[in-house]
Amino acid sequence: MANCPLYRHLKPGGYIEQVEQGVVPKSDDGSTDGTIFEKWGQISVEAGEAFGKTLLIGDLARTKMIEAGFVDVVEERFKCPIGAWPKDPHLKELGRYNYLQWEEGIEGWTMMLLTKILGWQRIEVEVYLAQMRQGLRNRNIHAYQEITIVYGRKPLPGEP
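Every number in the working numbering is 805 more than the matching position in the sequence shown, counting from 1.
Written as structure tokens, this is what we have:
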């Protein structure tokens with residue numbers, strides 16, 4: 806929220822909402838530990854930092870919104886499964902859609918950062934992506950990404 810133009814252009818009393826998808830896959834049962842998902846998280850964060858942009862925006866959004874001057878700031882976090890591993894039918898369906906997003910999106914999310922920023926060869930990235938896709942298909946890995954929603958209000962004149 807550098808220089809927060811949203812704050813300047815929002816009317817007093819108006820709300821802003823920011824939604825961020827976590828780039829570091831997690832699991833509650835430890836099934837992502839030591840897997841390609843753990844490596845993916847580490848490399849993605851490293852590449853973002855090397856590019857000069859953090860990919861951990863969800864962890865910073867609330868603080869940045871408060872620093873920008875918003876009030877009544879609320880943060881909510883949700884788990885969005887990656888794959889159809891959940892038993893709950895709703896989460897299973899959500900996981901199927903999210904799996905498709907990952908399956909189709911990882912090359913676009915990855916190729917430029919790893920080749921141009923971290924100096925990988927294209928073939929190295931393709932092998933890495935194949936490993937990631939294999940991990941995505943492994944139903945024994947109960948990965949999810951954290952969805953962070955942060956919203957706040959621009960104060961009215963005279964409010965602290």
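C-beta atoms are modelled at their ideal positions from N, C-alpha and C, and glycine is treated no differently.
Under a Cβ-count criterion, where at least 16 other Cβ atoms within 10 Å of its own Cβ denotes burial, should Leu860 be classed as buried or exposed?
With 16 or more neighbouring CB atoms inside 10 Å of its own CB, Leu860 falls in the buried class.
In its own chain, which residues sit with a C-beta less than 6 angstroms from the C-beta of Gly888, not counting the 5 before and 5 after it?
These residues qualify, in order along the chain: Gly900, Tyr904.
Exposure label - Tyr902; buried when at least 16 CB within 10 Å:
Looking at its Cβ environment, which holds fewer than 16 other Cβ atoms inside 10 Å, Tyr902 is exposed.
CA-to-CA distance, Glu908 to Pro960, given in whole angstroms:
The straight-line gap from Cα to Cα measures roughly 42 angstroms.
May I have the straight-line CA-CA distance separating Gln906 from Tyr812, to the nearest angstrom?
Going by the C-alpha atoms only, they are around 31 angstroms apart.
Evaluate contact between the segment 840 to 849 and the segment 862 to 882, counting only Cβ atoms and requiring at least three cross-stretch pairs below 8 angstroms.
Under the 8 angstroms Cβ criterion, the segment 840 to 849 does not count as touching the segment 862 to 882, having fewer than three qualifying pairs.
Could you tell me whether the segment 937 to 945 touches the segment 876 to 890, using the rule of 3 or more Cβ pairs below 8 angstroms?
Proximity of the segment 937 to 945 to the segment 876 to 890 meets the contact definition, three or more beta-carbon pairs being nearer than 8 angstroms.
Just the Cα atoms here: how many angstroms apart are Ala935 and Ile821?
Distance from the CA atom of Ala935 to the CA atom of Ile821, rounded to whole angstroms, is 38 angstroms.
If you draw a straight line from the C-alpha of Val955 to the C-alpha of Pro817, how long is it?
Taking the straight line joining both Cα atoms gives about 18 angstroms.
Is the beta carbon of Ile952 sitting closer than 8 angstroms to the one on Gln826?
Yes, these two residues count as a Cβ contact at 8 angstroms.
Quick check on this structure: which residue in Trp925, Lys844, Leu815 has the alpha carbon closest to the alpha carbon of Val829?
Of Trp925, Lys844, Leu815, the residue nearest in Cα terms is Lys844.
So for Phe875, helix, strand or coil by DSSP?
Here Phe875 sits in coil by DSSP.
Please report the residue range of the beta strand (DSSP E) in which Gly957 lies.
Segment 949 to 958, the beta strand (DSSP E) holding Gly957.
For Gly819, collect the residues of the same chain with a Cβ closer than 6 angstroms to its Cβ; drop the 5 residues on either side in sequence, then sort them by chain order.
Excluding residues within five positions, the ones whose Cβ falls inside 6 angstroms are Lys959.
Applying the criterion that 16 or more other CB atoms from any shown protein chain within 10 Å of the CB defines a buried residue, is Met870 buried or exposed?
Met870 should be labelled buried.
Buried or exposed by the 16-neighbour rule on C-beta atoms within 10 Å, applied to Gly839
Residue environment: Gly839 is assigned as exposed (fewer than 16 neighbouring CB atoms within 10 Å of its CB, all protein chains considered).
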